[in-house]
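The sequence shown begins at 2 in our numbering and counts up by one.
I have placed the structure first, in the form of structure tokens, so that the comments after it can refer back to it.
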Amino acid sequence: MESLLKKIEEYKQEILGFAVTDEKQAEEFRIRFLGTKGLVKAIMGEMKNVAPEQKKEAGQLLNEFKQFAEGRYEELKAALGSSASSASAGIDLSLPGDPLPLGSRHPVVLMKNKIVSIFQRLGFAVAEGPEIEDDWHNFGALNLPEHHPARDMQDTFYVQQNPDWVLRTHTSNVQIREMEKGKLPIRMVMPGRVYRNETISARSHCFFHQVEGLYIDENVSFADLKQTLYFFVKEMYGADVKVRFRPSYFPFTEPSAEMDVSCFICGGSGCNICKKTGWVEILGCGMVHPNVLQNCHIDPAKYTGFAFGMGIERPAMLKYGINDIRLFSENDLRFLKQFTSAI
Ligand code: DAH
2 MESLLKKIEE
12 YKQEILGFAV
22 TDEKQAEEFR
32 IRFLGTKGLV
42 KAIMGEMKNV
52 APEQKKEAGQ
62 LLNEFKQFAE
72 GRYEELKAAL
82 GSSASSASAG
92 IDLSLPGDPL
102 PLGSRHPVVL
112 MKNKIVSIFQ
122 RLGFAVAEGP
132 EIEDDWHNFG
142 ALNLPEHHPA
152 RDMQDTFYVQ
162 QNPDWVLRTH
172 TSNVQIREME
182 KGKLPIRMVM
192 PGRVYRNETI
202 SARSHCFFHQ
212 VEGLYIDENV
222 SFADLKQTLY
232 FFVKEMYGAD
242 VKVRFRPSYF
252 PFTEPSAEMD
262 VSCFICGGSG
272 CNICKKTGWV
282 EILGCGMVHP
292 NVLQNCHIDP
302 AKYTGFAFGM
312 GIERPAMLKY
322 GINDIRLFSE
332 NDLRFLKQFT
342 SAI
């Protein structure tokens with residue numbers, strides 16, 4: 002037993018001192034210590050000389066020594082950076098890596114991108130504006146003076162700290178901000194989030210998204226508005242979709258209209274999304290009111306323009322067959338994972 006311990010200690014020292022700089026030396030290490038005629042094997046053979054009552058302890062020491070020698074060999078190989086050592090450590094570098102889970106875009110973003118890209122093809126640029134807005138840009142400049150009854154069309158969230166501030170109720174504020182810059186002509190789409198103090202249900206939410214459109218130049222007519230929107234609808238829903246314009250009222254446009262498309266969910270026969278009418282309203286539009294142009298220092302005698310505003314959630318619901326607007330903001334991965342590809 003004494004001599005065994007001494008030998009183990011000696012070999013350990015030798016192993017620790019064994020420097021390896023290439024494959025050949027690593028192989029020499031393996032042969033000397035771990036080979037079939039190596040020292041580890043040989044010293045294991047010494048077990049038979051150990052007294053029976055010491056066999057257990059000796060066996061343990063020898064096993065530890067063997068593991069020590071093997072571990073050192075792996076370390077030396079790894080330090081050489083050899084693939085052979087990796088393979089022997091149970092790593093197969095030829096296998097493909099673990100796949101990283103792929104994220105997906107939110108359906109509202111997909112729909113926004115789709116809408117914006119259709120208008121970009123017609124030469125519309127993209128602009129954005131603030132979500133916390135002052136009264137003038139959200140209402141006043143849009144021909145909605147204080148106490149105007151049309152302010153009640155949209156239930157507004159007011160900012161407590163400043164009575165002049167609101168969470169914008171529509172993206173029309175960006176129209177004003179762009180017109181104020183005074184660079185004409187303007188041909189822009191303006192996507193963003195808007196807020197309204199509405200009861201949350203399957204059909205309405207207290208925040209949602211809109212894309213605003215604005216085209217200001219000399220000689221812009223209602224015919225231009227209709228053709229632009231016809232193009233949009235055909236690109237969006239396909240050549241077969243039916244479209245209708247209804248006269249409407251918005252303080253910032255005159256004349257004003259709303260545009261409906263035939264319902265995608267029921268194909269026009271009537272369902273809860275189209276309120277059993279077969280039609281779904283997708284946007285409001287009209288010719289920019291002369292007062293609005295004047296408020297932004299644009300001469301209404303020289304320039305005319307059209308504007309439109311549409312929600313993003315509703316077209317997304319039509320496109321994907323989603324029947325509850327709350328799904329968009331519940332962050333349920335089972336819902337979100339379904340939108341892995343671009344539309
Ligand atoms: N701002 C309107 C809304 O939120 C939508 C709208 C209607 C925008 C007509 C326009 C427009 O630019 O011309 O309901």
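Backbone N, C-alpha and C fix where the C-beta goes; we use that ideal spot for every residue, glycine too.
- The beta carbons of GLY82 and GLU129 sit about 51 Å from each other, so the pair does not count as a contact at 8 Å.
- With three or more CB-CB distances shorter than 8 Å, the stretch 301-316 counts as touching the stretch 103-115.
- The C-alpha of ARG335 lies about 30 Å from the C-alpha of VAL234.
- Only buried fits ILE44, as 16 or more other CB atoms lie within 10 angstroms of its CB.
- For SER173, the Cβ falls inside the 7 Å cut-off from some heavy atom of the ligand DAH.
- For TRP166, DSSP records a beta bridge to ASP135.
- Selection GLU132, GLN61, PHE329 and LYS13 evaluated against ARG73 yields LYS13 as nearest (Cα-Cα).
- The nearest non-hydrogen atom of the ligand DAH is 7 Å or more from the C-beta of ALA151.
- DSSP places ARG315 inside the alpha helix (DSSP H), whose first and last residues are 314-321.
- DSSP places GLY60 inside the alpha helix (DSSP H), whose first and last residues are 56-81.
- Not a single heavy atom of the ligand DAH lies less than 7 Å from the C-beta of GLY279.
- Secondary structure of ASP156 (DSSP, three-state): coil.
- In this structure, DSSP gives GLN339 a state outside helix and strand, which the three-state scheme calls coil.
- ALA308 is the residue among ASN50, ILE16, GLU331 and ALA308 whose C-alpha sits nearest the C-alpha of MET189.
- Here the alpha carbons of PHE209 and HIS138 stand approximately 19 Å from one another.
- Of the residues assessed, ALA317 falls on the buried side of the cut-off, its CB having 16 or more other CB atoms within 10 angstroms.
- Cα atoms of GLU213 and ILE201: separation of roughly 23 Å, rounded to the nearest angstrom.
- Of all alpha-carbon atoms in PHE232, MET154 and LEU101, the one lying nearest the alpha-carbon of ARG122 is that of PHE232.
- Counting of Cβ neighbours within 10 angstroms places GLU10 among the exposed residues, the total staying below 16.
- Rounded to whole angstroms, the gap between the alpha carbons of ARG31 and GLY39 is 8 Å.
- Using a cutoff of 7 Å, the CB of SER205 does not count as near the ligand DAH, since none of the ligand's heavy atoms is closer than that.
- Within the chosen limit of 7 Å, the ligand DAH reaches the beta carbon of CYS286 through at least one heavy atom.
- A straight line joining the alpha-carbon of GLY60 with that of GLU3 spans about 14 Å.
- Boundaries of the beta strand (DSSP E) around ASP218: 208-218.
- In this structure GLN211 is buried. Its beta-carbon is surrounded by 16 or more other beta-carbon atoms within 10 angstroms.
- Annotation for THR254 indicates a beta carbon within 7 Å of some heavy atom of the ligand DAH.
- For PHE309, the CB falls within less than 7 Å of some heavy atom of the ligand DAH.
- By the beta-carbon neighbour count (other beta carbons within 10 angstroms, threshold 16), ALA70 is buried.
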